[in-house]
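Presented below is the structure to which this report refers.
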């Protein structure tokens, strides 16, 4: 008897395989083996691997509550929360950022993007600046997480640091330079720069 599968079941299996072997080991054959089916069966639901990766990216985003702009006092606090939620979503799965990189937005994602642009426009930004801000911040978060998920960062040996006094002082001041505090520092710095494009905040 043929196994009837839904797209949701296939995506769940693909995410399980992703956590086991990473994106480099993710193949349609491995996903099919996880489901106990033959690879061609997957193509009834997804025309190619890219379509499957897109669906996986949508699932990742859907599993984390995204901040509603209406719940925040201003665009700055919302944008900060949005960046944190995006980072959290990508961090839930091994190589989550690589899965998301290059994905094409589906109808639901397009609606969300339009909603966010509308919110920023109502806050005083032009549509172009609002779109640029969301695009650049999104690229930053994905890039940050690709680096964060690439493996353990190695500390420089003390004898090397001793030859670079200002770097040594910087490491002492910010020992976890790739940690969450630096991520939020970068987001806050971006938001401050974005303020220069707001008609009420220009210097």
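Residue numbers (the UniProt record's numbering): 1 to 203. We put the beta carbon where it would ideally sit given N, CA and C, even for glycine. The model shown is predicted, which means the values in this text are computed figures rather than measured ones.
For residue j and residue i, the rounded distance between their alpha carbons
| i | j | result |
| --- | --- | --- |
| residue 104 | residue 54 | 6 Å |
| residue 74 | residue 183 | 20 Å |
| residue 67 | residue 117 | 14 Å |
| residue 88 | residue 4 | 33 Å |
| residue 170 | residue 38 | 54 Å |
| residue 42 | residue 129 | 40 Å |
| residue 102 | residue 57 | 10 Å |
| residue 174 | residue 180 | 12 Å |
| residue 120 | residue 65 | 20 Å |
Whether residue i touches residue j by CB criterion (7 Å)
| i | j | result |
| --- | --- | --- |
| residue 52 | residue 14 | yes |
| residue 95 | residue 23 | yes |
| residue 146 | residue 97 | yes |
| residue 17 | residue 29 | no |
| residue 205 | residue 191 | Residue 205 falls outside the range modelled here, since the chain spans only 1 to 203, and no answer is possible. |
Option nearest residue i by Cα separation, candidates the options
| i | options | result |
| --- | --- | --- |
| residue 34 | 50, 24, 12 and 23 | 12 |
| residue 123 | 10, 78 and 6 | 78 |
| residue 114 | 99, 133, 98 and 166 | 133 |
| residue 106 | 167, 19, 50 and 175 | 50 |
| residue 138 | 25, 86, 181 and 197 | 86 |
| residue 142 | 100, 27 and 177 | 100 |
| residue 148 | 164, 163, 158 and 176 | 176 |
| residue 200 | 135, 172, 188 and 125 | 125 |
| residue 6 | 21, 32, 27 and 20 | 32 |
4 or more residues per run - each alpha helix (DSSP H) lying fully within the segment 12–53: Taken in chain order, the complete alpha helix (DSSP H) segments of 4 residues or longer contained in the segment 12–53 are 28–35 and 39–42.
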